[in-house]
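Note that our numbering has the first sequence beginning at 4, numbered continuously upward. Here the structure is laid out as structure tokens; the discussion comes afterwards.
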Amino acid sequence: MLNQTPDLPSLASTVVDWQKQHGRHHLPWQGTQDPYRIWLSEIMLQQTQVATVIGYYERFLVRFPDIGSLAQARQEDVMPYWAGLGYYARARNLHRCAQELAANWDCHFPPTPEQIAMLPGIGRSTAAAIAAFAYGTRSPIMDGNVKRVFTRYFGIYGVTSQRAIENLLWATAQGAVEAAPVELDMAAYTQGLMDLGSQCCVRGRPDCARCPLKARCYAYEHGVQQELPTPKPRKTSPERECKMLVLRSQGKILLEQQVSPGIWGGLWSLPQYGDTSEIEAACNHLGQSSTAARRMAGLLHVFSHFKLHIEPWYLRNDTLQVAETSPRQSWIAIEDLASTALPAPIRKILDGLFGPYGRELPLVTDAPADTG
DNA sequence: TACGCGTGGAC
DNA sequence: TGTCCAAGCGT
């Protein structure tokens with residue numbers, strides 16, 4: 004917890020005030036305290052976006068208007084109303100849960116979040132949401148929205164799916180509720196956190212200007228919104244591939260200065276293309292048939308966060324006019340390559356062609372495999 | 001504890 | 001066009 008100045012007592016009230024003014028109020032499952040409708044919406048909304056859920060929610064309610072009607076149905080009558088929504092264990096658990104409620108609770112929900120969380124398909128967060136919306140219970144939720152808001156506001160680093168971070172987030176959420184005034188509108192607070200997370204404190208480009216918490220938000224103060232929540236480490240780094248063209252004319256090579264920020268920013272690299280047709284287009288632009296270009300041995304370059312498969316092509320034509328074809332391009336004499344700022348794999352390609360002393364060496368052709 | 005579960009949206 | 005991920009839970 005890095006935030007030195009979180010205003011815990013006013014946090015919840017700030018969220019409630021914002022929710023009442025700027026939050027969502029017209030979603031189909033709002034404006035009711037019916038635990039059945041709240042429950043159904045919470046289950047459908049697990050890992051599923053609001054826009055997707057709305058239609059399913061309304062069709063489901065027409066067919067199964069209450070716990071009793073759902074409990075009496077056969078599972079094969081329920082599943083068609085879930086088809087296309089995904090995560091079908093949710094529907095099976097929903098049906099089982101309705102039958103448990105009918106059998107043990109007279110078609111009502113238990114009174115406490117702890118008891119609600121014992122029902123099939125309902126975990127700690129969903130139970131807290133049902134209790135907050137239906138009963139006003141002061142029990143915090145912890146979904147993707149709240150994780151985003153809290154990791155940023157409090158400056159909580161670490162992968163949120165890990166136990167220690169998860170525990171810290173729950174404790175923080177509990178602390179925020181306990182510090183709130185007794186008259187706190189718990190339904191508005193719970194909804195407000197989710198509205199903040201989905202409308203304002205979004206992952207890609209958070210709209211901090213509109214955020215009621217920015218005055219004491221750690222991520223806003225330190226400009227680290229993009230670093231929080233801490234992203235899960237990739238198992239396998241992504242792989243990309245590209246073609247590069249070694250264009251030689253009159254003892255010079257066409258190089259391209261890379262932009263900063265960016266990969267190899269400020270260094271000189273070879274003109275780069277997504278696929279062979281782009282190389283052909285570039286050759287044609289120079290009035291040169293691409294059939295004269297020869298493919299060289301490919302190589303693999305490993306960055307910290309991805310792997311790049313490079314397929315170099317070599318084209319020599321000493322009749323080409325020695326004029327740059329775009330502002331960032333420049334013809335560099337082969338004997339000057341040694342003193343040019345080249346990324347490692349580019350130097351390897353050029354050294355393979357011309358040697359470290361600028362001598363042209365035999366080409367390796369038709370060798371598509373990576374040579375490292 | 002980490003992973004599987006489904007589909008569609010965003011970039 | 002691919003990759004990530006969204007109102008999580010169960011195992």
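Yeah, the Cβ is synthetic: ideal placement off N, Cα and C, and Gly gets one too. Quantities reported herein were computed from a predicted structural model and do not represent experimental measurements.
Where residue i falls: helix, strand or coil (DSSP)
i: MET82; result: helix
i: GLU244; result: strand
i: VAL262; result: coil
i: MET299; result: strand
i: TRP267; result: coil
i: LEU48; result: coil
i: LEU311; result: strand
i: THR343; result: coil
i: ARG319; result: strand
i: ALA336; result: strand
i: LYS255; result: strand
i: TYR160; result: coil
i: HIS98; result: helix
i: GLN275; result: strand
i: LEU356; result: helix
i: HIS304; result: strand
i: THR233; result: strand
i: LEU104; result: helix
i: LEU2; result: Nothing can be reported for residue 2: it is not among the residues displayed for the chain, which extend from 4 to 375.
i: LEU250; result: strand
i: GLY58; result: helix
i: ASP20; result: helix
i: TYR39; result: helix
i: HIS111; result: coil
i: THR140; result: coil
Burial state of residue i (16 or more Cβ within 10 Å)
i: TYR192; result: buried
i: ARG77; result: exposed
i: TYR156; result: buried
i: ASP109; result: exposed
i: GLN24; result: exposed
i: THR129; result: buried
i: PRO184; result: exposed
i: VAL50; result: Inspection of the sequence shows that residue 50 is occupied by Gln rather than by Val. Under this definition GLN50 is an exposed residue.
i: GLY358; result: exposed
i: GLU259; result: buried
i: GLY200; result: buried
i: ARG66; result: exposed
i: ALA15; result: buried
i: HIS98; result: buried
i: MET82; result: exposed
Candidates the options, of which the one nearest residue i by Cα
i: GLY207; options: ARG40, LEU14 and VAL227; result: VAL227
i: PRO9; options: ILE349, SER280 and GLU224; result: GLU224
i: ARG151; options: LEU356, LEU250 and LEU216; result: LEU216
i: PRO116; options: GLU103, ALA135 and ASN107; result: ALA135
i: GLY158; options: SER329, MET189, ASN6 and GLN253; result: ASN6
i: TRP85; options: GLU103, ILE125 and SER44; result: SER44
i: ALA336; options: LEU199, VAL249 and ASN107; result: VAL249
i: GLY277; options: GLU244, LEU73, MET145 and ARG251; result: GLU244
i: LEU311; options: ALA344, MET247, ASP354 and GLY269; result: MET247
i: THR233; options: SER164, GLN260 and PRO346; result: SER164
i: LEU303; options: TRP21, ILE352 and LEU257; result: ILE352
i: CYS257; options: GLY200, LEU289, GLY355 and MET145; result: Contrary to the premise, residue 257 reads as Leu rather than Cys in this sequence. Per the Cα distances, LEU289.
i: ASP354; options: THR322, SER329, ASP321 and ALA300; result: ALA300
i: GLN194; options: GLN229, ILE125, ARG141 and TYR160; result: ARG141
i: THR55; options: GLY87, ASN170, ARG95 and SER201; result: GLY87
i: THR3; options: VAL262, ASN320 and GLU314; result: What the structure shows of the chain is the stretch from 4 to 375, and residue 3 is not part of that stretch, so it cannot be assessed.
i: LYS235; options: GLY161, LEU30 and THR17; result: GLY161
i: GLN253; options: LEU323, ASP69 and TYR221; result: LEU323
i: ASP146; options: GLU79, LEU172, PRO38 and GLY139; result: LEU172
i: MET47; options: GLN261, ILE125, ARG319 and ARG350; result: ILE125
Cβ separation of residue i and residue j, assumed to be a contact under 8 Å, to the nearest whole Å
i: LEU64; j: ARG27; result: Actually they do not touch by this definition, with Cβ atoms about 19 Å apart.
i: ILE133; j: TRP42; result: 5 Å
i: GLU19; j: LEU187; result: Here the sequence assigns Val to residue 19, which means Glu is not the residue at that position. About 7 Å separates the two Cβ atoms, so the contact holds.
Considering only residues of the segment 183-228, which uninterrupted alpha helix (DSSP H) runs meet the minimum length of 4 residues and lie entirely inside it, listed in chain order? Counting only runs of 4 or more, we get 189-198 and 221-225.
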